[in-house]
Amino acid sequence: MRDLLKNPIWKNLELGYSIPDSIHAVSVALPTWNDVINYEEKNQECIKLLKSIYPRFGLNPIVKRLCEKVKKENYYNNKSIWPYPNESIAFKAKKYIDRNTSEQYSFIEKRHNLAFLITEKEGSIYAKYFWQHTGLGISSRYAAVELGLEYRPPKSYVNECYQRIKNRISKSTKINSNDIHLTSSGMSALHTSLEIIYKLFPAKPTLQIGFPYVDVLKLPMNIFYGAKLITEENCTDIELEIKRINPSALIIELPSNPMLKCVNIKKISKIAKRLNIPLIVDDTIGSNININSLEHADIVFTSLTKIFSGSGDILAGSLILNPKSKWIYQFRNALKEINLPILSDGDIVYLEKVSRDVNQRVFEQNKACLELKKRLENHSEIKNIFHPENCPNFNSLLTSDGGYGCLLSFELNGGLNKAKNFYDSLQISKGPSLGTKFTLVCPYVLLAHYDELDWAESFGIPPHLIRVSVGLEDQDQLWETFSEALNNF
Numbered sequence: 116m117r118d119l120l121k122n123p124i125w126k127n128l129e130l131g132y133s134i135p136d137s138i139h140a141v142s143v144a145l146p147t148w149n150d151v152i153n154y155e156e157k158n159q160e161c162i163k164l165l166k167s168i169y170p171r172f173g174l175n176p177i178v179k180r181l182c183e184k185v186k187k188e189n190y191y192n193n194k195s196i197w198p199y200p201n202e203s204i205a206f207k208a209k210k211y212i213d214r215n216t217s218e219q220y221s222f223i224e225k226r227h228n229l230a231f232l233i234t235e236k237e238g239s240i241y242a243k244y245f246w247q248h249t250g251l252g253i254s255s256r257y258a259a260v261e262l263g264l265e266y267r268p269p270k271s272y273v274n275e276c277y278q279r280i281k282n283r284i285s286k287s288t289k290i291n292s293n294d295i296h297l298t299s300s301g302m303s304a305l306h307t308s309l310e311i312i313y314k315l316f317p318a319k320p321t322l323q324i325g326f327p328y329v330d331v332l333k334l335p336m337n338i339f340y341g342a343k344l345i346t347e348e349n350c351t352d353i354e355l356e357i358k359r360i361n362p363s364a365l366i367i368e369l370p371s372n373p374m375l376k377c378v379n380i381k382k383i384s385k386i387a388k389r390l391n392i393p394l395i396v397d398d399t400i401g402s403n404i405n406i407n408s409l410e411h412a413d414i415v416f417t418s419l420t421k422i423f424s425g426s427g428d429i430l431a432g433s434l435i436l437n438p439k440s441k442w443i444y445q446f447r448n449a450l451k452e453i454n455l456p457i458l459s460d461g462d463i464v465y466l467e468k469v470s471r472d473v474n475q476r477v478f479e480q481n482k483a484c485l486e487l488k489k490r491l492e493n494h495s496e497i498k499n500i501f502h503p504e505n506c507p508n509f510n511s512l513l514t515s516d517g518g519y520g521c522l523l524s525f526e527l528n529g530g531l532n533k534a535k536n537f538y539d540s541l542q543i544s545k546g547p548s549l550g551t552k553f554t555l556v557c558p559y560v561l562l563a564h565y566d567e568l569d570w571a572e573s574f575g576i577p578p579h580l581i582r583v584s585v586g587l588e589d590q591d592q593l594w595e596t597f598s599e600a601l602n603n604f
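With the numbering used here as the guide, the letters of the sequence shown map in order to residues 116 to 604.
Now the structure itself:
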């Protein structure tokens, strides 16, 4: 496999290369600003070069191959196919499609130990929404086993690896592993969290506090009962606003993506307790190694795809129930009634392997990101830099060995043209996702909010923002790479 620490993927001719060089990669090379635009515009010259895709945003090539096999076997020439691990989860997708279309376009077929949602026409649009927002679809490793491309690991070893992962998380969070649950993705962990909430609370919108990662807002908004969004900057009285909206749950990201802001969770947690509203926290970027969010939350979910794995070629998530929550017994009972979207056997074994060094990686990436941040903020081309270091709310959550994570964002003087020139000149791997051992850069706002740039900007999110996930490269060499691109104007 190509060593991206020493040989990053950045050249124009490498458009569409898998990042990393793996059939299970969750990122794809978009070397130039125009490549990003063409990707978002679904330009076919660009799309046909893509060797991978973020697994929720489309079908991984192996998953696609499995779907094509089913399509050919059944002559489903004009239909789209979406594979799920079981009929119960596939039915959730069908129910969503049926709710949003005027005709019954979809049905479920069981084969290859899976449940395939088959749909067409308008149904395919909503099938893709559900696939993206929920993260409930099968993984590429799941598909590879069904196609005979990879072996199915022994169940006894899978169970051993599953417990090791839970114990690893338990050690960081000081939570009994019985309240830690592994899921097929970070978004499926949020989906399960909301299923728990709606078994106990009325079908009302959730309230997102702080500008979040796109699907953290879109999932409750589009799949469940709606979502409202407020920020501390745009709200003079948080408690009054929470009372007015009266949501089913509060959702918070620690810190936010991509601006790396951290809301006053201690204050919000106290308000939530007073008003009997559960608080759900996404600590993916902060990491439970760096911050203690569970003390203030009822449920914490994490995308293990990112920092926990560090490999960039697995989709996984976790869901933690706070044993001190006033609803813990109701949460546990509700979860027993839900078909948990578990990881496939192959993903469990692989995740256990790649996460063995997670504590050391997080420690090193904390330092590397902070060092790059300090060097960037002293450069004349940098207009604004966004990083949790100067946020009192984030600092108040730090664990004894915690740091600020691997992510930063910045805005260049000169706006869009400077951002384009910098991005095109930068000789580092460029594509979506974060938390990998190797540095990964993207114009995040274009990728996440391309069809709603004005809306994002109304919350202070500049469309030409550059987001950097800092890896384990030599810090001086990494700075030299960034410096060359910054000085290339």
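Glycine is no exception: its CB is placed at the ideal position from the N, C-alpha and C atoms.
According to the Cβ coordinates, are residue i and residue j closer than 8 angstroms?
i      : j      : result
SER459 : TYR169 : no
PRO362 : PRO327 : no
PRO507 : TYR519 : no
LYS358 : LEU390 : yes
SER300 : THR420 : yes
ILE367 : THR514 : no
GLY427 : ILE134 : yes
SER470 : PHE501 : no
ALA230 : ALA259 : no
LEU255 : ASN175 : A small fix is needed here, since residue 255 is Ser in this sequence, not Leu. Yes, Cβ-Cβ distance for SER255 and ASN175 is below 8 angstroms.
ILE443 : ASN437 : yes
SER371 : GLY325 : yes
PRO558 : LEU568 : no
TRP125 : LYS535 : no
LEU297 : ILE457 : yes
HIS411 : ILE453 : no
PHE604 : LYS533 : yes
LEU562 : SER584 : no
Could you tell me if residue i is buried or exposed, where buried requires 16 or more neighbouring beta carbons within 10 angstroms of its beta carbon?
i      : result
GLU275 : exposed
ILE233 : buried
GLN480 : buried
MET302 : buried
ASN192 : exposed
GLY530 : exposed
TYR190 : exposed
SER203 : exposed
PHE597 : buried
ASP589 : exposed
ALA364 : buried
ILE576 : buried
ALA318 : exposed
ASN403 : buried
SER271 : exposed
PHE222 : exposed
Residues in its own chain within less than 7 angstroms of residue i by CB, not counting five upstream and five downstream?
i      : result
GLU356 : ILE345 and CYS350
VAL273 : ASP460, ILE463 and VAL464
PRO268 : ASP460, GLY461 and VAL464
GLY131 : VAL143, ALA144, LEU164, LEU165 and LYS166
TYR565 : GLU155
ASN499 : PHE525 and GLU526
LYS386 : Going by the sequence as given, residue 386 is Ile instead of Lys. These residues qualify, in order along the chain: ILE353, GLU354 and ILE357.
GLY546 : ILE134, SER142, VAL143, ALA144, LEU145, LEU555 and CYS557
ASP294 : ILE435, LEU436 and PRO438
Out of the options, which one is the CA nearest neighbour of residue i?
i      : options                           : result
PRO394 : ILE404, LEU369 and SER573         : Note that residue 394 is Leu in the sequence shown, not Pro. Selected option, being the one with the closest Cα: LEU369.
LYS121 : SER133, LEU601, SER584 and ILE543 : ILE543
LYS314 : GLY575, PHE446 and LEU485         : PHE446
GLU218 : GLU237, ASN228, LYS207 and ILE400 : GLU237
PHE172 : ASP330, ASN505 and SER584         : ASP330
ILE435 : ILE280, GLN247 and ARG226         : ILE280
ARG582 : VAL556, GLN592 and ASP566         : VAL556
LYS179 : SER402, SER371 and TRP197         : TRP197
TYR211 : GLU452, ILE338 and ASN437         : ILE338
ASN228 : TYR220, GLY250, PHE222 and LEU262 : LEU262
LEU305 : ASN454, GLY250, TRP246 and VAL151 : GLY250
LYS376 : PRO578, ASN510, ARG490 and ALA449 : ASN510
PRO467 : LEU309, LYS545 and ILE284         : A small correction: the amino acid at residue 467 is Glu; Pro does not occupy that position in the sequence shown. If we check each option's Cα against that of GLU467, ILE284 comes out closest.
SER137 : LEU119, VAL477, LEU409 and TRP570 : LEU119
ASP397 : GLN475, LEU309 and ILE453         : LEU309
ASN493 : TRP594, LEU409, GLY341 and SER408 : TRP594
HIS373 : ILE383, THR399 and LEU181         : What sits at residue 373 in the sequence shown is Pro, not His. Looking at the Cα atoms, THR399 is the closest of the given residues.
Whose C-beta lies closer than 6 angstroms to the C-beta of residue i among residues of the same chain, with five residues either side of it excluded?
i      : result
ALA600 : PHE537, SER540 and LEU541
THR333 : In the sequence under discussion, the amino acid at residue 333 is Lys, which differs from the Thr named in the question. If we look at LYS333 and ignore the five residues flanking it on each side, its Cβ neighbours are HIS248.
In chain order, what residues of the same chain have a beta carbon less than 8 angstroms from the beta carbon of residue i, not counting five sequence neighbours either side?
i      : result
SER495 : ASN528
GLU347 : ILE324, GLY325, ILE353, VAL378 and ASN379
Does residue i get closer than 8 angstroms to chain B when you measure Cβ to Cβ?
i      : result
CYS557 : Considering every chain present, this structure includes no chain B. It has just one protein chain.
* Please specify which runs of the beta strand (DSSP E), each continuous and at least 3 residues long, are wholly inside the stretch 429-462, giving them in chain order. => Counting only runs of 3 or more, we get 432-436.
* Please list the segments of the beta strand (DSSP E) lying wholly inside the stretch 549-597, counting only runs of 3 or more residues, in order along the chain. => With a minimum length of 3 residues, the continuous beta strand (DSSP E) runs that stay inside the stretch 549-597 are 555-557 and 581-584.
* **Ordered list of beta strand (DSSP E) runs contained in the stretch 146-217, each at least 3 residues** => Runs of the beta strand (DSSP E) lying entirely within the stretch 146-217, each at least 3 residues long, are 195-199 in chain order.
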